[in-house]
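Remarks on the structure that follows.
Number of protein chains: 2
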Amino acid sequence: MQTNERDKAIGVFDSGIGGLTVVREIMRNIPNERIIYFGDTARLPYGSKSKDTVIGFSRQIVRFLQEQDVKAIVIACNTASAFALDTLQEEIDIPIIGVVKPGAKVACEATRNGRIGVIATKGTIGSGLYGNLIRRTLPNAKVFGQPCPLFVPLVEEGWRKDPITREVAQRYLVDLKENDIDTLILGCTHYPLLRSLVGELMGPQVTLVNPAYETALQLRNLLQEQGIASQEKPEGETPYKFFVSDAVESFKDFANSILPIDIARAQKVDIESY
Amino acid sequence: MQTNERDKAIGVFDSGIGGLTVVREIMRNIPNERIIYFGDTARLPYGSKSKDTVIGFSRQIVRFLQEQDVKAIVIACNTASAFALDTLQEEIDIPIIGVVKPGAKVACEATRNGRIGVIATKGTIGSGLYGNLIRRTLPNAKVFGQPCPLFVPLVEEGWRKDPITREVAQRYLVDLKENDIDTLILGCTHYPLLRSLVGELMGPQVTLVNPAYETALQLRNLLQEQGIASQEKPEGETPYKFFVSDAVESFKDFANSILPIDIARAQKVDIESY
Numbered sequence: 005m006q007t008n009e010r011d012k013a014i015g016v017f018d019s020g021i022g023g024l025t026v027v028r029e030i031m032r033n034i035p036n037e038r039i040i041y042f043g044d045t046a047r048l049p050y051g052s053k054s055k056d057t058v059i060g061f062s063r064q065i066v067r068f069l070q071e072q073d074v075k076a077i078v079i080a081c082n083t084a085s086a087f088a089l090d091t092l093q094e095e096i097d098i099p100i101i102g103v104v105k106p107g108a109k110v111a112c113e114a115t116r117n118g119r120i121g122v123i124a125t126k127g128t129i130g131s132g133l134y135g136n137l138i139r140r141t142l143p144n145a146k147v148f149g150q151p152c153p154l155f156v157p158l159v160e161e162g163w164r165k166d167p168i169t170r171e172v173a174q175r176y177l178v179d180l181k182e183n184d185i186d187t188l189i190l191g192c193t194h195y196p197l198l199r200s201l202v203g204e205l206m207g208p209q210v211t212l213v214n215p216a217y218e219t220a221l222q223l224r225n226l227l228q229e230q231g232i233a234s235q236e237k238p239e240g241e242t243p244y245k246f247f248v249s250d251a252v253e254s255f256k257d258f259a260n261s262i263l264p265i266d267i268a269r270a271q272k273v274d275i276e277s278y
Numbered sequence: 005m006q007t008n009e010r011d012k013a014i015g016v017f018d019s020g021i022g023g024l025t026v027v028r029e030i031m032r033n034i035p036n037e038r039i040i041y042f043g044d045t046a047r048l049p050y051g052s053k054s055k056d057t058v059i060g061f062s063r064q065i066v067r068f069l070q071e072q073d074v075k076a077i078v079i080a081c082n083t084a085s086a087f088a089l090d091t092l093q094e095e096i097d098i099p100i101i102g103v104v105k106p107g108a109k110v111a112c113e114a115t116r117n118g119r120i121g122v123i124a125t126k127g128t129i130g131s132g133l134y135g136n137l138i139r140r141t142l143p144n145a146k147v148f149g150q151p152c153p154l155f156v157p158l159v160e161e162g163w164r165k166d167p168i169t170r171e172v173a174q175r176y177l178v179d180l181k182e183n184d185i186d187t188l189i190l191g192c193t194h195y196p197l198l199r200s201l202v203g204e205l206m207g208p209q210v211t212l213v214n215p216a217y218e219t220a221l222q223l224r225n226l227l228q229e230q231g232i233a234s235q236e237k238p239e240g241e242t243p244y245k246f247f248v249s250d251a252v253e254s255f256k257d258f259a260n261s262i263l264p265i266d267i268a269r270a271q272k273v274d275i276e277s278y
């Protein structure tokens, strides 16, 4: 029995749990699609690691997702998108997209003064990819990058609304404010969880861009263009499957706090064997 | 040509760079010994990961170190010591020690009121190992554990002397202060780098225990007891070799900031193949 291409799932992966903010947007915006998610919780985070290492990890995950027979892949991690998308695109023959290009595209549409900020991991900022993509569309744009390595541990500590997190955010954002940006890309999948704090500190004149949302829209367009969009709501068993490389329980707790559905189970995969 | 057992190196490993505080103590206290260090920088941190995963990673590293023909192994990581030491001890036939037992032993000797605090990763605190070991010696001791997940990212951000780090530390230490401890174990290899701040906040009546130092002393005793201590300062090429699984340059920068010698090179190893 051959599965119709349209009925196959979308593969989505991230270094851990942050990519669930992308899953949330796909669920909301393309509810007909099945999703197979892989979170590399055993080896997270990616943001402080080298390009070679991130490509190697991403390649193993893509092998796993292809074994699951997905029809397209979304890299729901800014660092992996920045480091590995081009390489992976050459290596596989199904569509694969990242979160960086959709984020850059919308920032170009949103800016009025051509001054765009990016907050992200050290890896993503160091890659310079957001700036390069933005300047392809807006050659005179000024792009200001700011790594925020404490944001992820602060979110995972549960201190999203804490005065300490506010102080850290003020420290990280001060240069961006001084540089008079009018658009700020939340360039790490955890950062939409700090959206209200960042928005308050930057002020109403700054448009915040959430690449997770933009990526879901780009995925929808891509599936339609290629004629592989699912035509109806999947029936039967749950259309969403979750795999991790470590610590299934803590993953489930976090997932259930941010997804519109409750995850009944996540399966552990030995990703190093791929 | 067979190498004499005494002339072989000590293998030391950690999830990343924190274990260099143990290397520093071995260099200072047993200067005759050669050291082969492995830092698992591609998969760090271990502190938030599960027991199974940490055992799996540690087993791969031990295989690598045995291939380097070391005469003994030091697990210079509290989380890996807590989760993997017992398992690894059964699997290999050279001596292997961790940092937790030496730290617990000295805390028992130091306390006067039997109230001992432990600050460490979630994994180490969750294992309960410090408490179990302490109560084997002092059955009536009260042990208070406090995970401090932001300490490592704050140290790695370079904010050791920052007011934000002081505020975070005050938050983490408040319960320990209220519980009237007189001894505090710095149960993660990064934490000795925050020693002066923690000491100041806890006050002079609290003895701080640095397991790195105690581990170097236990290693010295073990080598002497087993008759495998090096008898003279190693000659020829550098007696210290450093291996990592990722990002060699940033490792070298950090290593050179805390070790008494400058590292000329660190070699990258594909640890997943072990």
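These protein sequences, in sequence, are chains A and B. My numbering puts the first residue of the first sequence at 5, with every later residue one more than the last. My numbering puts the first residue of the second sequence at 5, with every later residue one more than the last. Ideal Cβ positions, reconstructed from N, Cα and C, are used throughout, including at glycine. Model, not experiment: these values are computed from the prediction.
| Item | Value |
| --- | --- |
| B/D266 to A/E113 span [Cα, whole Å] | 50 Å |
| Contact list for B/L154 against chain A, beta-carbon separation under 9 Å | L154, P157, L158, E161, W163, I168 |
| Opposing strand residues paired with A/A173 [DSSP bridges] | Looking at the DSSP assignment, A/A173 forms no beta bridge with any residue, so it has no partner. |
| The segment 102–117 of chain A in contact with the segment 170–180 of chain A per 3-pair CB rule at 8 Å | no |
| Whole-angstrom distance between A/E37 and A/D97, CA atom to CA atom | 20 Å |
| CB contact check: B/S131 to chain A, cutoff 8 Å | no |
| Where the segment 170–188 of chain A meets chain B: residues whose CB sits under 9 Å from a CB there | E171, V172, R175 |
| For B/Y41 and B/M5, the rounded distance between their alpha carbons | Its pLDDT being 41, under 50, B/M5 is placed unreliably in this model, and the value from its coordinates should be taken loosely. Looking at the two C-alpha atoms, the distance is approximately 24 Å. |
| Nearest neighbour of A/A84, chosen from A/C192, A/I14, A/V159 [CA to CA] | A/C192 |
| Check: A/D257 C-beta below 7 Å from any heavy atom of the ligand COA | The model on display carries no ligand, and the ligand COA is accordingly not part of it. |
| Contacts that A/E276 makes with chain B (C-beta to C-beta distance below 8 Å) | E276 |
| For A/V78, the three-state DSSP class (helix, strand or coil) | strand |
| Counterpart residues of B/T187 in DSSP-defined beta bridges | B/I120, B/T211 |
| Buried versus exposed, by CB contacts within 10 Å (16 or more), A/Q64 | buried |
| Coil, strand or helix - B/Q235 by DSSP | coil |
| Within 8 Å, strictly: CB atoms of A/S249 and A/R67 | no |
| Cutoff 8 Å: A/T57 Cβ touching any chain B Cβ | yes |
| Short CB-CB distance (under 8 Å) between A/R67 and chain B | no |
| C-alpha gap between A/V159 and A/H194, whole angstroms | 8 Å |
| Residue nearest to A/S261 in terms of C-alpha spacing, selected from A/K12, A/I14, A/L24, A/S19 | A/L24 |
| Under 7 Å (Cβ pairs) to chain B, residues found in the segment 240–261 of chain A | D250, A251 |
| Interface residues of chain B facing A/K146 [CB-CB closer than 7 Å] | What A/K146 touches in chain B: nothing, since even the nearest Cβ is about 26 Å away. |
| B/S58, buried or exposed, once every other Cβ within 10 Å from all chains shown has been counted against 16 | As written in the sequence, residue 58 of chain B is Val, which differs from the Ser given in the question. Buried. |
| Sequence-distant residues of the same chain with beta carbon closer than 6 Å to B/G127, five excluded per side | G51, T83 |
| Environment of A/G22 [buried if 16+ CB atoms lie within 10 Å] | buried |
| Segments assigned beta strand (DSSP E), at least 3 residues, entirely inside the segment 246–278 of chain A | none |
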